[in-house]
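Engineer: To start, I am sharing the structure in question, which I have written as structure tokens.
There are 2 protein chains.
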Amino acid sequence: MKRIAIIGLGVIGASLGMALKNARPDFEVLGSDIDPPTVKKAMEMAAINRPLLDEDLCGCAIVFIATPLRIIPEVLIRIRGQISPGTIVSDVGSVKSWVMHQYEKYLPPDITFIGGHPLAGSDRSGITGADKYLLQNAVYVLTPSAAADAEKVEILYKLLAHIGATPMVLSSDEHDRMVSKVSHLPHIAAASLMNMLEHNLEDLHLAGGGLRDTTRIAASNPELWEDILLLNGTAVADGIRDFISQLENYLNVISNNDDTSLNQYLTSAQRTRKNMPLVRSSLQHCADIVAIIPDKPGIIGFLGTLLGDADININDIQIMGVRDENEGSIRMGVPQSQAYAALELLKNNGIKAWLRS
Amino acid sequence: MKRIAIIGLGVIGASLGMALKNARPDFEVLGSDIDPPTVKKAMEMAAINRPLLDEDLCGCAIVFIATPLRIIPEVLIRIRGQISPGTIVSDVGSVKSWVMHQYEKYLPPDITFIGGHPLAGSDRSGITGADKYLLQNAVYVLTPSAAADAEKVEILYKLLAHIGATPMVLSSDEHDRMVSKVSHLPHIAAASLMNMLEHNLEDLHLAGGGLRDTTRIAASNPELWEDILLLNGTAVADGIRDFISQLENYLNVISNNDDTSLNQYLTSAQRTRKNMPLVRSSLQHCADIVAIIPDKPGIIGFLGTLLGDADININDIQIMGVRDENEGSIRMGVPQSQAYAALELLKNNGIKAWLRS
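Chains as they are written, first to last, in the working numbering: chain A, 453 to 809; chain B, 453 to 809.
Spelled out as structure tokens, the structure:
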């Protein structure tokens, strides 16, 4: 029987444990956490078989470190004397080059270390947010060191694919550059837009859905982001410089009243946005229906039952605006193949509805 | 009987007509559009009583210009010889100082011009997107000129309040500065983030919900935004410079590894974001419930009916993620006073649910 250790049983660590135990009941999953009640809770939730003790480490085929980034060095110092040669050590941190340097610094050369970053977020942090499906369909980046044993990389890759994640092998530098652009820069942009307004809060009276969407992530935990931005400092600083030069392009064309170039920039941005893949692959073949509905108790139930009875699955739904006490509009994602049937059904029931382009 | 003219029957013009006819059936609302079938459609939709002819203009108490911004000067040239002294002329454009200059340039001094900007968006453009509730609860900015007759401003103010909008009087410069920060800059930020990625589309494989939210508005119509950004060029250029200096703050603290200052910036941004008012006042006293639900036809109907039967109104709903074929999580907004009752009801029906902080 294969034994796997998970150090840190927060939302990612515990979800990983649940997924492993679910997919491979023959494995023994051991876990530890700085907080003893969390370990007890992990057993109740079937995220681990039993608590991980220091003496168990020598028998583990894979050790996942699922602690906050800053804790990784002290974990490596604690485990390096216990793990056996050949063990695979990985982590789940959202910055990779810095972590790879910690591995190099603290682990003996007979250990295979492979950086890991599951792109899975949860609305909840801590073990109470754990869920055996959290990693399902999530891109899971692996950053093996140049010296990593290819067979060991394959073992980890296949295990992650087996629990339903989508593994992707990248160099740690490449990973860090990519996430600086698609994750860390958007965070700084959102935060900067909010910083601009902090001394003019009355400006927010004119704020609409655009600002709300654009700055939603600025509400996230500052401590978490402080670590991410500093530990990926080089790539993030490059990203900010690149972002500033894009903004200077806009500043120049607007100052020069250059409508042709401005239109080119905006059109190119629109095209890129429209090409953005959806993260959840199951939402990809979805058509959006917008309907005007009375805003009263039971109407969502009526709509849901109407489509459900026709075996049409609503796989995305959002109330777009409540205009007054009486009416609102709602957006529903349905499988593309059932879009026209759904539209017909709504119209036959007197509901104003259309397909969103 | 009061006669009102609406020139341009797109989503805003036609929605304004519907709201006016609904609130003041004693008024006669006349409308024109560059596209003759649109005028016919406006009559069918009860957005106007009849088409507006040039000779009707002299009898109109208020003329609303609801065309694209760029068209306003030629509309003013066409109507200025027809309207009577004392007529109120207004518009619905999202830039105000430029429009006020057009009014000054083209209208005789005995006309009261008052700039207008309803902050109401629709998912659809053109008359087919019109809706008598579109302006309901929407902030509607009025920018009277310094010379404007105070009584006339009050007439327009009260009429807009009467149709359910929330009028707010500002100077045109103040309006333009405010919207540059809360609307035009977020647009440029979203577009710039997309421009950064246009030559590295493969980076989008690591994109998550953060990037999707932050850049959603970059998918909007480039022609519309080209006009807005150029016609509010001065305020937008100031805004970009301010935004760049915020980004330089982040660049400095990250380059200097200054965790204390970085934490201050992020914490301040988080506080401002959490203070952001919701635009739709009816959503303000809403609590968010997150539930894990099986992903199958009819489940939305089941949930909606469950809460509806208990007279709990779901006034916001969103499917947050579909993990695999079997399960997903859903967010539902319910009135704050009913949040615990809703939670209890869901739990009693075997649904894992919690309040989102």
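Think of the CB as a built atom: it goes at the ideal place given N, C-alpha and C, for glycine as much as any other residue.
Count the CB pairs spanning the stretch 691–699 of chain A and the stretch 671–683 of chain B that are closer than 8 angstroms, and state whether there are at least three.
Structural biologist: The stretch 691–699 of chain A is not in contact with the stretch 671–683 of chain B.
Engineer: Decide yes or no for the touch test of the stretch 529–537 of chain A against the stretch 496–514 of chain A: beta carbon pairs closer than 8 angstroms, at least 3 of them.
Structural biologist: Flag = yes, the stretch 529–537 of chain A and the stretch 496–514 of chain A touch.
Engineer: In the DSSP assignment, find the unbroken beta strand (DSSP E) run with P619/A in it and report its ends.
Structural biologist: T618 to V621
Engineer: Taking A805/A as part of the beta strand (DSSP E), name the residues at either end of that continuous run.
Structural biologist: A805 to L807
Engineer: Would you check if the stretch 618–631 of chain A and the stretch 626–642 of chain B touch, i.e. whether three or more CB-CB distances between them fall below 8 angstroms?
Structural biologist: no
Engineer: Show which residues of chain A have a CB atom less than 8 angstroms away from the CB atom of W677/B.
Structural biologist: L718
Engineer: Assuming I769/A and Q770/B form a contact by the criterion Cβ under 8 angstroms, report the distance between their Cβ atoms to the nearest whole angstrom.
Structural biologist: 7 angstroms
Engineer: Between E496/A, G760/A and F754/A, which has its C-alpha nearest P746/B's C-alpha?
Structural biologist: G760/A
Engineer: For A590/A, does the count of other Cβ atoms within 10 angstroms reach 16, so buried, or fall short, so exposed?
Structural biologist: buried
Engineer: List the residues of chain A that V634/B touches, going by C-beta distances under 9 angstroms, in chain order.
Structural biologist: L645, L649, D655, L656, H657, L658, A659, G660, G662 and L663
Engineer: If you draw a straight line from the C-alpha of K548/B to the C-alpha of I741/A, how long is it?
Structural biologist: 34 angstroms
Engineer: For my contact list, V786/A and N765/A are in at a C-beta cut-off of 8 angstroms; report their separation, rounded to the angstrom.
Structural biologist: V786/A to N765/A, Cβ: 7 angstroms. Contact.
Engineer: If we cut at 8 angstroms on Cβ distances, does S707/A have a partner in chain B?
Structural biologist: yes
Engineer: In chain B, which residues lie with their C-beta within 9 angstroms of the C-beta of H639/A?
Structural biologist: What H639/A touches in chain B, judged by beta-carbon distance under 9 angstroms, is G662, T666 and L718, going in chain order.
Engineer: Is DSSP giving A739/B helix, strand or coil here?
Structural biologist: Strand, per DSSP.
Engineer: Should N727/B be flagged as near chain A, meaning a C-beta pair shorter than 8 angstroms?
Structural biologist: yes
Engineer: Rounded to a whole number of angstroms, what is the C-alpha to C-alpha distance between A689/B and I706/A?
Structural biologist: 7 angstroms
Engineer: Taking just the CA atoms, how far does I500/B sit from A494/B?
Structural biologist: Using only the alpha carbons, I get a separation of about 6 angstroms.
Engineer: Rounded to whole angstroms, what's the CA-CA distance from N727/B to G616/A? Just pull it up for me.
Structural biologist: 39 angstroms
Engineer: Say whether chain A places a C-beta atom closer than 8 angstroms to the C-beta of V591/B.
Structural biologist: yes
Engineer: Out of R693/B, G581/B and V593/B, which has the shortest C-alpha to C-alpha gap to T490/B?
Structural biologist: G581/B
Engineer: Within 8 angstroms of any Cβ in chain B, is that where the Cβ of Q698/A sits?
Structural biologist: yes
Engineer: Sort out for me which residues DSSP pairs D768/A with in a bridge.
Structural biologist: G785/A
Engineer: Should I566/B and P596/B be called a contact, given that it needs their Cβ atoms to be closer than 8 angstroms?
Structural biologist: yes
Engineer: Distance cutoff 8 angstroms, beta carbons only. Does D761/B sit that close to anything in chain A?
Structural biologist: Proximity of D761/B to chain A, defined by a Cβ-Cβ separation below 8 angstroms, is satisfied.
Engineer: If you follow the alpha helix (DSSP H) that E556/B is part of, which residue opens it and which one closes it?
Structural biologist: S549 to Y558
Engineer: Is the beta carbon of V481/A sitting closer than 8 angstroms to the one on K473/A?
Structural biologist: The beta carbons of V481/A and K473/A sit closer together than 8 angstroms.
Engineer: Considering only C-alpha positions, which residue in the set I563/B, K610/B and Y592/B is nearest to A822/B?
Structural biologist: Outside the displayed range of chain B (453 to 809) lies residue 822/B, so it cannot be described from this structure.
Engineer: Assign V631/B to one of three DSSP states: helix, strand, or coil.
Structural biologist: helix
Engineer: Residues of chain A with a CB under 9 angstroms from the CB of G469/B: which are they?
Structural biologist: Under the 9 angstroms cutoff, chain A gives no residues; its nearest Cβ is about 16 angstroms from G469/B.
Engineer: Does the CB of Y702/B have a neighbour CB from chain A at under 8 angstroms?
Structural biologist: yes
Engineer: Since H683/B contacts W550/B with CB under 8 angstroms, what's their CB separation in whole angstroms?
Structural biologist: Position check: residue 683/B holds Leu in this sequence, whereas His was assumed. 4 angstroms between Cβ atoms; contact.
Engineer: So, Y609/A versus L594/A, is the Cβ gap smaller than 8 angstroms?
Structural biologist: Yes.
Engineer: Measure from the C-beta of Y555/A to each C-beta in chain B and report whether the shortest distance is under 8 angstroms.
Structural biologist: Interface criterion not met: the Cβ of Y555/A is under 8 angstroms from no Cβ in chain B.
Engineer: DSSP three-state call for S733/A: helix, strand or coil?
Structural biologist: Unreliable positioning characterises S733/A in this predicted model, as indicated by a pLDDT of 38, which lies under 50. The coordinate reading is nonetheless provided below. S733/A: helix per DSSP, three-state reduction.
Engineer: Are L468/B and A513/B touching if we call contact CB-CB under 8 angstroms?
Structural biologist: no
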